[in-house]
Amino acid sequence: AQSVTQLGSHVSVSEGALVLLRCNYSSSVPPYLFWYVQYPNQGLQLLLKYTSAATLVKGINGFEAEFKKSETSFHLTKPSAHMSDAAEYFCAVSAPRSNDYKLSFGAGTTVTVRA
Amino acid sequence: DSGVTQTPKHLITATGQRVTLRCSPRSGDLSVYWYQQSLDQGLQFLIQYYNGEERAKGNILERFSAQQFPDLHSELNLSSLELGDSALYFCASSVEQGREQFFGPGTRLTVL
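So the protein sequences, as listed, match chains G and H. Under the working numbering, think of the first position of the first sequence as 1296, with each following residue one higher. Under the working numbering, think of the first position of the second sequence as 24, with each following residue one higher.
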């Protein structure tokens, strides 16, 4: 079974500061990893994905994440926060190599951006 | 806009009732997934269909059922509703199994 743990349910950053959201995964097979963002009263939007190619993955809106197998981590970063980044962020894992295509989500991290 | 549509957007009903949630996947996507989002359980996988066939089940209650039709749209049926079924229900689709999933805007179900 696959699972993810997101460290920190709330993160507050100043506008222009680094955004760092932590995600650790557990998987018995090589995982696929994803970050999604959810704005209030909206669905989930895919930010980026890791599917075993390059370990540093670039996504939309200036976000990127690095897959580190040795640390079982897939942390999300953005060098400079913008007010529009205020949202809830979810890390998710699937295991297609074991025919497990469902997404297992972390509990989410809510990001607030201070002016 | 992900290209996945869900109707209705909001649904308010009473305990014991039955409702049907509808999902139209992105054009060309064969796989449909249903997820439930609630404050206490977070985002939970319910069920997956691929080209009309059920492929995986999560922690879906026996009171819940789903199907995918030949035109690839999907419906999630919830019956004998309880207060605890109040949640956001999301549909997602992917072109193939294992590819990234695109989420619809969700249906907010309130059971009174």
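No residue lacks a Cβ here, since even glycine has one placed at the ideal position from N, Cα and C.
Per DSSP, residue 27 of chain H is not a residue of any beta strand (DSSP E), being assigned neither H nor E. Scanning chain G for C-beta atoms nearer than 8 Å to the C-beta of residue 25 of chain H yields 1338, 1340, reported in chain order.
Here DSSP, grouped into helix, strand and coil, assigns residue 65 of chain H to strand. Secondary structure note for residue 1343 of chain G: its beta strand (DSSP E) is the uninterrupted segment 1339 to 1345.
Counting only residues of its own chain and dropping the five nearest sequence neighbours on each side, residue 79 of chain H has a CB closer than 6 Å to the CB of 71.
The criterion of a C-beta distance shorter than 9 Å is satisfied by residue 1400 of chain G and residue 65 of chain H. DSSP places residue 83 of chain H outside both helix and strand once states are collapsed to three, so it counts as coil. Beyond the five residues adjoining it in sequence on each side, residue 1369 of chain G comes within less than 7 Å, by CB distance, of 1318, 1320, 1328, 1345, 1360, 1362, 1386 in the same chain, given in chain order. Taking all protein chains in view, the Cβ of residue 1382 of chain G is crowded by 16 or more other Cβ atoms within 10 Å, so the residue is classified as buried.
Restricting attention to beta strand (DSSP E) runs no shorter than 3 residues, the segment 1306 to 1390 of chain G encloses them at 1314 to 1321, 1327 to 1333, 1339 to 1345, 1351 to 1353, 1359 to 1363, 1368 to 1373, 1382 to 1390, ordered along the chain.
Selection G:1310, G:1388, G:1343, G:1326 evaluated against residue 1374 of chain G yields G:1310 as nearest (Cα-Cα).
Along the segment 1391 to 1403 of chain G, the positions whose C-beta sits under 9 Å from a C-beta of chain H are 1391, 1392, 1394, 1395, 1396, 1397, 1398, 1399, 1400, 1401, 1402, 1403, read in chain order. Here residue 117 of chain H is buried, its C-beta having at least 16 other C-beta atoms within 10 Å.
Burial is judged here by how many other beta carbons sit within 10 angstroms of a residue's own beta carbon; residue 1396 of chain G has at least 16 and is buried.
Contact annotation for residue 79 of chain H against chain G: 1396, 1397 [CB-CB distance below 7 Å, chain order]. In this chain, the beta strand (DSSP E) harbouring residue 1395 of chain G covers 1395 to 1400. Secondary structure note for residue 37 of chain H: it is in no beta strand (DSSP E), with a DSSP letter that is neither H nor E. Beyond the five residues adjoining it in sequence on each side, residue 1402 of chain G comes within less than 7 Å, by CB distance, of 1301, 1304 in the same chain, given in chain order. Looking at the DSSP output, residue 45 of chain H bridges to H:30, H:98. Classified as buried, residue 1332 of chain G has 16 or more neighbouring CB atoms from the shown chains inside 10 Å of its CB. By the neighbour-count criterion, in which a residue is buried when 16 or more other Cβ atoms sit within 10 angstroms of its Cβ, residue 107 of chain H is exposed. Pairing residue 81 of chain H with residue 1306 of chain G, the inter-Cα distance amounts to about 30 Å.
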